[in-house]
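Numbering (the UniProt record's numbering), first residue to last: 1 to 1252. As structure tokens, the structure follows; a few thoughts come after it.
Right, dumping it as structure tokens:
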């Protein structure tokens, strides 16, 4: 049982916390969210739960304390669970067992068993079959109490297997099946390897023969090719030496010609240098002549330019003289005009001063009149402002009076309208109250219709999901049947292939059966088949009948032995191996001579009968059925064999049995009266009787599966059609429900709007009454204000009349003054206009005076410039005449220099012509020498090419020899090998010495073409003559090697290794076949034992469940049913429950409390059948009422003696049953803490009362 649980850094338990579990019931209480269920999660986590979701997290690292507002997170989570193992429940030799688990933030984790690191598999193996693992029934989590009742029968089965304790057997069976599958795969691969090794061995044997031939040809080719290469090397070396010597002679002759060529080249370069010097001197003379010509042309141009310039300056002197005369006359006229303008300007200035004085007098008079007018206007303006003020006040009063009159009329009109509106609102309010009553009635009707449709939709949905579940079950069944059919078809194909290959049937039997099929004459037409083909054996008895028959299964049944005996007496039968025959006709047993390869078989049936004795299953021939054409065959081959339960029964029967009696046990052991014992099962694939029976059963099973699949497919189609119709009904009901819901919503909205309208009308009626009262008060105030304004308006009218009379008199007085002012202003404007005209004329005279002064100054300046220009032109004419004289002098000097240079140039041209003739002679001599040198160089290049070619041939030949035979060409030559010598020795019987071989091109030898000694005077062929023949011999050898194709040169060495490997893998294949048979036997024994244990446990749990259900519900009925009793180890488990007063129905329709009570009954039925060392219940009683909680607590108390309980609860009745009470609270946010709790400190809602 549990001793303690220690937590550190696990979820909300940040600090190290220890829970001590005493025998009996331990309750853990606390408010919601305090961390109670983390205790259950910790136990599951320690026991190896790998699902973060089942631990209420997203990933496994969520179990590590992540920190809170007051403290940081933890680096790892650790939990340790201690067990008291004094009873030896756990398979560990220790009184206390500690299981621990750690998980770090990095993701690393470890499991601990008594402080030692172990694997998860080791933890699961410790708890397997004890009912205390995570997959067992010992932990019922929060909100998953009805998991045991989940609708998947296959998943529900796992809990029953744990309760029966066969989960460890099932795990072992799964391991054995996996090993069997691996063995089968290895067997298949090893069979392929054996076949491959055998084929490789056969191929290698043929390749070894080819490799020997290849080695022989390769040796001959090597000898011929290396000898020919050595001969080629010798010949090429001789030719290469000759060509090198010739190259040396050519180099000497080319060097001599090169000396002549250098001498001629020196002379040619001297001539070329002199010609270059002459060309340079001529170019210098030409440049001098060109410079002289340019200088002469330049001076001649200067002379022409100066002549033209002199003529132009003469014309300029004449023009300037005429210009000086005109400028003098214009200056005199300007002086006269300037004097007249000065006189007029003086006169106008005096008249302007007089006009200015008159204008000043008029302006003084105007200022005085304007001052009088301004004073009068100020007085009038003051009177007007007073008048305006009075008028404005009078207008305001009149306007206010008008407004008040309009207000009075508006108030009277508004009073009438308000009265009418109040009457209308009252009528609208009465109508709205009636409408509200009608809408309330309509809403009640709509809600009633909505509730009715909701109930119909709920029923339709239940029917729909029921059909969906049926279709899913049908699809699952269909998939299972298809998988079974595929597996059966695959198995059938394997067996049919074995049957087609007649695997396990002797070669001689195959040969006899083949003759019987093709021959239709005695004795072959008397053969009807083998024993195993003529007997129909049930599948479950096939292995036993296989063991009983042994070699008899390959006996050949005949209708008559006489023709066969006659055939054998005529001579030795050409049949491989030994073949047995059995006659179905009554015939005394006879056996052929030992020298014959065939033997006949008949059987003497012992006269005993063990039928009905304990442990006896029956006589073997009575358990099988022979074909119609082989009646009596079963008795002949199995009449002496009885099948019993075990070897003990067999030994008992054989104590007084006839000597021919044979006993076969259900396990396949064969025991004879002669004390011969045969044990072990034959491999299923090679057991020909079992194979035949399995073939027949597989064919029947496949046909049944075909029919089942067709039926399931039809049911699936029917369910799909039904699901479609129900879906359509659901959609219609949903649409109608939506429409009704919208109608209810609309009616509710309309009713709310109508209520708001009634409230609005009531508010408006009240407001309208208040408005009428306010209007009456405003009417009285308006009347009093109008009377007061009317009296003020009369007084204001008198004041305005007086102000208007005084203002009219002042305006007439100021009009006379303004008339005089206007006359004065008109006179001033006329005088000012005259004055302005005089000023304008004065400005014009002054501008004219200025212009004339400027013109006179300009004329005088132009006259001075003309005089200076005439002097300058005269000087320029004199300078041009001097320049023209100098240019003429320079032209004469340059003409003399040109004539001197032309004479020198003619001498240089004559010398250059002579040098060019000498150069032509030298060039011809150079070309002759160059031609001779080019011929020698061409010959040298040709020889060099030949030398390179021969060197390349030698190099290529050396590389090929090195690549092919890994020997250098020099080594071959030094070794003295020679294909030419071998050819002469083979063909002519002579041997050429080394001198003859090296000079084989010119020397003779004796030979005999017909491999006979030829006369002494017969010539021996040279190497060049037999070179083609030797090369052809090498090519023939190469073609022969190529015709051999791909040759495995390692075949000779690999043959022995392949033979050893074949023997090894054949032995391994036999070992695997024996291992496969052993695993199949283990699986069969596990299945048998598991089935027995499961059925016993199932019936026990079934009885306990019925009893506990009636106790928990106070009546009613419940049962547990196997879906397929024929498949006990794999079928699902159904649970039916009928609480008191209710019909028997599916558990999915039970209420939450009923499911909880049913699950509790099932749980304690398992505990009663096989108690678990502990049981953890996490808020199982949450869905129970008070009465059911009392029953639940009573049942828990009954089981305290069997197991230890840890209960998480909020219910006080459950707490009353506890021996130890722990509290879990969060004094610090996010951190759980264990505290000691008294029963009185726990409130009804589960919260723990703290001290004040």
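Even glycine gets a Cβ: it sits at the ideal position worked out from N, Cα and C.
Query, Result
"Sequence-distant residues of the same chain with beta carbon closer than 7 Å to residue 328, five excluded per side", "863"
"Reduced DSSP category for residue 1022 - H, G, I as helix; E, B as strand; rest coil", "coil"
"Contacting residues, own chain, Cβ-Cβ under 6 Å from residue 1075 (five flanking each side not counted)", "183"
"Secondary structure of residue 3, DSSP reduced to three states", "strand"
"CB of residue 849 within 8 Å of CB of residue 342, strictly", "yes"
"Contact the stretch 789 to 799 vs the stretch 330 to 349: 3+ CB pairs below 8 Å", "no"
"Close-in-space but distant-in-sequence residues of the same chain around residue 2 (CB under 8 Å, 5 per side omitted)", "21, 81, 82, 83, 84, 1173, 1174, 1204 and 1206"
"Bounding residues of the beta strand (DSSP E) (the contiguous stretch that carries residue 42)", "Careful: residue 42 lies outside any beta strand (DSSP E), inside the alpha helix (DSSP H) at 37 to 46."
"Residues bridged to residue 529 (per DSSP)", "557"
"Residue 514 vs residue 1090 beta-carbon contact at 8 Å", "no"
"Touch test, the stretch 815 to 829 against the stretch 357 to 366, Cβ-Cβ under 8 Å, three pairs minimum", "yes"
"Beta-carbon contacts of residue 1088 that lie in its chain and below 6 Å, excluding the five residues immediately before and after", "none"
"Endpoints, beta strand (DSSP E) assigned at residue 619", "616 to 619"
"Three-state class that DSSP yields for residue 1178 in the structure shown", "strand"
"Spatial neighbours of residue 449 in its chain, beta-carbon cut-off 6 Å, leaving aside the 5 residues before and after", "740"
"Cα-Cα separation between residue 1219 and residue 4, rounded to whole angstroms", "15 Å"
"Close-in-space but distant-in-sequence residues of the same chain around residue 845 (CB under 8 Å, 5 per side omitted)", "341, 344, 345 and 348"
"Per-residue DSSP class, three states only, for residue 102", "strand"
"Three-state secondary structure assigned by DSSP to residue 56", "coil"
"Outcome for residue 1208 when other beta-carbon atoms lying within 10 angstroms are tallied against a minimum of 16", "buried"
"Every unbroken beta strand (DSSP E) within the stretch 336 to 400, with a cutoff of 3 residues, ordered by chain", "none"
"Residue 669 burial status per 10 Å Cβ neighbour count (16 or more: buried)", "buried"
"Contained beta strand (DSSP E) runs [length at least 3] in the stretch 1094 to 1156, N- to C-terminal order", "1117 to 1122 and 1133 to 1138"
"Under the three-state DSSP convention, the category residue 546 falls into", "helix"
"Secondary structure of residue 609, DSSP reduced to three states", "coil"
"Beta-carbon proximity of residue 1222 to residue 28, cut-off 8 Å", "yes"
"Contact check, residue 1034 vs residue 225, beta carbons under 8 Å", "yes"
"Beta-carbon proximity of residue 901 to residue 288, cut-off 8 Å", "yes"
"Inter-stretch contact (C-beta, 8 Å, three-pair minimum) for the stretch 496 to 505 and the stretch 651 to 671", "no"
"Burial state of residue 896, where buried means 16 or more other Cβ atoms lie within 10 Å", "exposed"
"Rounded straight-line distance, which links the Cα of residue 952 to that of residue 1023", "21 Å"
"Nearest-angstrom Cα separation, counted from residue 76 out to residue 1253", "Lying outside 1 to 1252, the shown extent of the chain, residue 1253 is not represented and no answer is given."
"DSSP-derived helix/strand/coil call for residue 110", "strand"
"Cβ-based neighbour list, residue 323, same chain, cut-off 7 Å, excluding 5 preceding and 5 following", "866"
"Contact under 8 Å by Cβ, residue 70 with residue 1229", "yes"
"Any 3 or more C-beta pairs closer than 8 Å across the stretch 747 to 765 and the stretch 391 to 398", "no"
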